[in-house]
Amino acid sequence: MNYSYYPGCTLKTKAQNLEKFALHSAQALGVNLVEQEEWQCCGAVYPLSTDEIATKLASVRSLAAARDKGESLVTLCAACHQLMKRVNHDMQTKEDMREKVNNYLQLDDNYQGESKVIHYLELLRDEIGFETLAQKVKVPLKGRKVAAYYGCLLLRPKEIMNFDDPERPTVLEDFLESLGASAIHYPYKTECCGGYLSVDKEEVVEQMVDNIIRSALEQGAEEIVTACPLCKYNLENSRLCSKGEISISYFTELLAEALDVKEA
Amino acid sequence: MVSREKITPDMAKKEVVRICEISDENIVDCMQCGKCTAGCPAVHGMDILPHQVIRLLQLGQIDQLLQSEAIWSCAACFTCASRCPRAVDISKIMEALRLTLVRVKGNNRLDIEKVPKLLDKNIPQQAIVSGFRKYVK
Ligand code: SF4
Ligand code: SF4
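Structure representation (structure tokens):
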């Protein structure tokens, strides 16, 4: 099965492991992720004001390119995913924006939000299925106590992201169980890590990540997985993590491990 | 902070109207239940709490908001928006307040000269791009 794949900047630089393990695993699962040509940075944060259009154009270009190939657009970074989903939703529902964007881009075919955007986790859950995934596991992650950290961008706003229950999501836990690991449930799994505040207000971030990690440790977690490079960075910078109390990795790393393609 | 003054939309000041336009949110819908504040993960960095932000807007007291740390402590996590029983999206209102400031020339929140110092060897590009999008125009 062929998919258009949008990596984003961070996966080509500081978060290469998120991508590398995802691509190895996809291959092992018989999924063909074809990186889009000439993709541009999505901008990392969805522009929340109604009067910004230019900062959404990069996402529209990728969405339209996937449409032209007749493929779903697969994302991996949680931030890119939020951008693609929300801009796509704008293009479907906001007539004035659709008109301005199309007037500006002058595509061969006007873009109206036709593309389907799916996150890699949705690909595993909805297109491959966790049962099938479980059958392909070669090295079950037995005895690993893993806490799934969702953060904000995959889940909210619920009506647009349509990813999972925003208060009690289970997709990452189901994923971990299918790899043979023990998923640890803890109350702070959907709390914000502080995101980009680490550029401006480190002291605010410190308490936010501390709450999350303490909550996971209290429930017996030994490691945390995430789908977002900035979540990983913030969690790793925490006091508890620096002391070596817990480790943070991308969910794709555990996937590659279980499929035995980590060193591929 | 909470008074019982009756609010009508037409008494809003020009600046408040602009915030509502940029955010496309309706501040009169807020009934001051406080659910947004109860769930906000960044309140420890806020001098004005999320529900108070809306109240001050309702009362037209925008200057206090523009001088607050609260608007800069908001992490745009969308928790308030996803839990509000009246469908008010505070993340968009916080953004509109920030934009009111940074869109003025010479008013960037982030001093670009200081950026290289902020970069440690692990900081993801995503953080830097976000910082530029949020703090610089
Ligand atoms: S949750 Fe909604 S209605 Fe309640 S105080 Fe906050 S903004 Fe107002
Ligand atoms: S979007 Fe801002 S105000 Fe709302 S819960 Fe998150 S940090 Fe608090």
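For the protein sequence lines, the chains are A and B, in the order given. Per our numbering, the first sequence starts with residue 1, numbered consecutively. Per our numbering, the second sequence starts with residue 1, numbered consecutively. Built from N, CA and C at the ideal position, the CB exists for glycine as well.
| said: Strictly under 9 angstroms for the Cβ-Cβ distance: is Leu99(B) near chain A by that measure? | reply: The count along the second sequence starts at 1 and reaches residue 99(B) at position 99. Leu99(B) counts as touching chain A.
| message | Rounded to the nearest angstrom, what separates Val278(A) and His119(A) at their Cα positions? | response | Given that chain A is displayed from residue 1 to residue 264, the structure contains no residue 278(A) and the question cannot be resolved.
| Contact with chain B by Glu95(A), beta-carbon distance below 9 angstroms | Taking the first residue of the first sequence as position 1, residue 95(A) is located at position 95. Glu95(A) does not count as touching chain B.
| field | Under 5 angstroms, CB to nearest heavy atom of ligand 2: contacting residues | value | Those residues that have a beta carbon less than 5 angstroms away from any non-hydrogen atom of ligand 2 are, in order along the chain, Cys40(B), Ala42(B), Pro50(B), Cys74(B), Ala75(B), Cys77(B), Thr79(B), Cys80(B), Ile90(B) and Ser91(B).
| Cβ of Val199(A) within 9 angstroms of any chain B Cβ | Counted from its first residue, the first sequence places residue 199(A) at position 199. Yes, Val199(A) counts as interfacial toward chain B.
| message | At the 9 angstroms Cβ level, is Gln125(B) part of the contact set with chain A, yes or no? | response | On the second sequence, residue 125(B) is found 125 positions in, with the first residue counted as 1. At least one chain A Cβ lies under 9 angstroms of Gln125(B).
| query | Which residue comes first and which comes last in the beta strand (DSSP E) that contains Lys145(A)? | reply | Translated into the one-based positions of the first sequence, residue 145(A) becomes position 145. Here the beta strand (DSSP E) through Lys145(A) covers Lys145 to Ala148.
| said: Considering Cα atoms alone, identify which of Cys80(A), Tyr196(A) and Arg239(A) is closest to Ile212(A). | reply: As a working note, residue 212(A) is residue 212 in the first sequence. The candidate whose alpha carbon is nearest that of Ile212(A) is Arg239(A).
| request: Indicate the three-state DSSP secondary structure (helix, strand or coil) for Ile19(B) in the structure shown. | output: In the second sequence, residue 19(B) corresponds to position 19, counting from 1. It is helical.
| said: So, for Glu177(A): in the same chain, excluding its five sequence neighbours on each side, which residues have a beta-carbon less than 7 angstroms away from its beta-carbon? | reply: The count along the first sequence starts at 1 and reaches residue 177(A) at position 177. Counting only Cβ-Cβ distances below 7 angstroms, and skipping sequence neighbours, we find Ala183.
| query | Closest to Leu217(A) by CA distance: which of Cys241(A), Glu206(A) and Glu203(A) is it? | reply | Taking the first residue of the first sequence as position 1, residue 217(A) is located at position 217. Answer by Cα proximity: Cys241(A).
| request: State the Cα-Cα distance for the pair Ile270(A) and Pro41(B), rounded to the nearest angstrom. | output: Because residue 270(A) is not part of the residues shown, which for chain A are 1 to 264, the question remains open.
| task | Compute every distance between the C-beta of Thr37(B) and the non-hydrogen atoms of ligand 1, then say whether any falls below 8 angstroms. | result | Translated into the one-based positions of the second sequence, residue 37(B) becomes position 37. Taking 8 angstroms as the cut-off, one finds at least one heavy atom of ligand 1 near enough to the beta carbon of Thr37(B).
| said: With a threshold of 6 angstroms on Cβ separation, who are the neighbours of Arg144(A) within its own chain once the five nearest residues in sequence on each side are excluded? | reply: Taking the first residue of the first sequence as 1, we reach residue 144(A) at position 144. Here the set comprises Ala181.
| task | Return the Cβ separation of Ser68(B) and Phe78(B) in integer angstroms, given the expectation that the two are a contact with Cβ distance under 8 angstroms. | result | To locate residue 68(B), count along the second sequence from 1; it is residue 68. To locate residue 78(B), count along the second sequence from 1; it is residue 78. Between Ser68(B) and Phe78(B), the beta carbon gap of about 20 angstroms keeps them out of contact (Cβ cut-off 8 angstroms).
| message | Just to confirm the assignment, what range does the alpha helix (DSSP H) spanning Glu205(A) have? | response | Here residue 205(A) refers to the residue found at position 205 of the first sequence. In the sequence as displayed, the identity of residue 205(A) is Val instead of Glu. Element bounds for Val205(A): Glu202 to Glu218.
| task | Note the first and the last residue of the continuous beta strand (DSSP E) segment covering Ile248(A). | result | Taking the first sequence and counting its residues from 1, the one referred to as residue 248(A) is at position 248. Residues Ser247 to Tyr250.
| task | Kindly say whether His44(B), judged by its beta-carbon, lies nearer than 9 angstroms to any beta-carbon of chain A. | result | As a working note, residue 44(B) is residue 44 in the second sequence. So yes, His44(B) belongs to the interface.
| request: Sort Phe130(A), Leu197(A) and Phe163(A) by Cα distance to Leu255(A) and report the nearest one. | output: Locating residue 255(A) in the first sequence gives position 255, counting from the first residue. Of Phe130(A), Leu197(A) and Phe163(A), the residue nearest in Cα terms is Phe130(A).
| said: Considering just the uninterrupted stretch of the beta strand (DSSP E) at Val102(B), what are its terminal residues? | reply: By one-based count along the second sequence, residue 102(B) stands at place 102. Per DSSP, Val102(B) lies in no beta strand (DSSP E) segment; the continuous alpha helix (DSSP H) that holds it begins and ends at Ile90 to Val102.
| query | Under a Cβ-count criterion, where at least 16 other Cβ atoms within 10 Å of its own Cβ denotes burial, should Pro7(A) be classed as buried or exposed? | reply | Reading the first sequence from its first residue, position 7 is the one you call residue 7(A). With 16 or more other Cβ atoms within 10 Å, it is buried.
| request: For the beta strand (DSSP E) containing Ala221(A), list its first residue and its last residue. | output: For the purposes of this step, residue 221(A) is taken as the residue at position 221 of the first sequence. Unbroken run through Ala221(A): none, as it is neither H nor E.
| request: Name the one or two DSSP bridge partners that Cys183(A) has. | output: Taking the first sequence and counting its residues from 1, the one referred to as residue 183(A) is at position 183. One detail in the question is off: residue 183(A) reads as Ala in this sequence, not Cys. Looking at the DSSP output, Ala183(A) bridges to Val146(A).
| task | Return the Cβ separation of Ile71(B) and Arg98(B) in integer angstroms, given the expectation that the two are a contact with Cβ distance under 8 angstroms. | result | Within the second sequence, the letter at position 71 stands for residue 71(B). Within the second sequence, the letter at position 98 stands for residue 98(B). About 5 angstroms separates the CB atoms of Ile71(B) and Arg98(B); that is less than 8 angstroms, so the two are in contact.
| task | Give the straight-line distance between the Cα atoms of Arg125(A) and Pro169(A), rounded to the nearest whole angstrom. | result | Here residue 125(A) is taken as the residue at index 125 of the first sequence, counted from 1. Here residue 169(A) is taken as the residue at index 169 of the first sequence, counted from 1. CA-CA distance, Arg125(A) to Pro169(A), rounds to 13 angstroms.
| task | Please confirm whether Tyr5(A) and Leu76(A) have their CB atoms less than 9 angstroms apart. | result | To locate residue 5(A), count along the first sequence from 1; it is residue 5. To locate residue 76(A), count along the first sequence from 1; it is residue 76. A contact, by the Cβ cut-off of 9 angstroms.
| query | Applying a beta-carbon distance threshold of less than 7 angstroms, which residues of chain B neighbour Ala44(A)? | reply | Sequence index remark: in the first sequence, residue 44(A) carries index 44 (1-based). Within chain B, the residues whose beta carbon sits less than 7 angstroms from that of Ala44(A) are Gln126, Val129, Ser130 and Arg133, listed in sequence order.
| query | How is the alpha helix (DSSP H) around Glu131(A) delimited, first residue to last? | reply | Numbered from its first residue, the first sequence carries residue 131(A) at position 131. Unbroken alpha helix (DSSP H) run through Glu131(A): Phe130 to Lys136.
| request: Select from Tyr135(B), Gly106(B) and Ser130(B) the residue whose C-alpha is nearest the C-alpha of Cys42(A). | output: For the purposes of this step, residue 42(A) is taken as residue 42 along the first sequence, with counting starting at 1. Ranking the options by Cα distance to Cys42(A), first place goes to Ser130(B).
| task | Could you work out which residue in Gly194(A), Glu167(A), Ala79(A) and Ala44(A) is closest to Asn237(A) when comparing CA atoms only? | result | On the first sequence, position 237 is the one that residue 237(A) refers to. For Asn237(A), the nearest C-alpha among the options comes from Gly194(A).
| At a CB-CB cut-off below 7 angstroms, which residues of chain B make contact with Asp51(A)? | Numbered from its first residue, the first sequence carries residue 51(A) at position 51. Listed along the chain, the chain B residues whose CB falls inside 7 angstroms of the CB of Asp51(A) are Ile22.
| message | Check whether chain A comes within 9 angstroms of Pro41(B), counting only Cβ atoms and requiring the distance to be less than that. | response | For the purposes of this step, residue 41(B) is taken as the residue at position 41 of the second sequence. Interface with chain A (9 angstroms Cβ-Cβ cutoff): Pro41(B) is included.
| request: Using only the heavy atoms of ligand 1, determine whether one of them is closer than 8 angstroms to the beta carbon of Cys84(B). | output: Against the second sequence, residue 84(B) aligns to sequence position 84. With a cutoff of 8 angstroms, Cys84(B) counts as near ligand 1, since its C-beta is closer than that to a heavy atom of the ligand.
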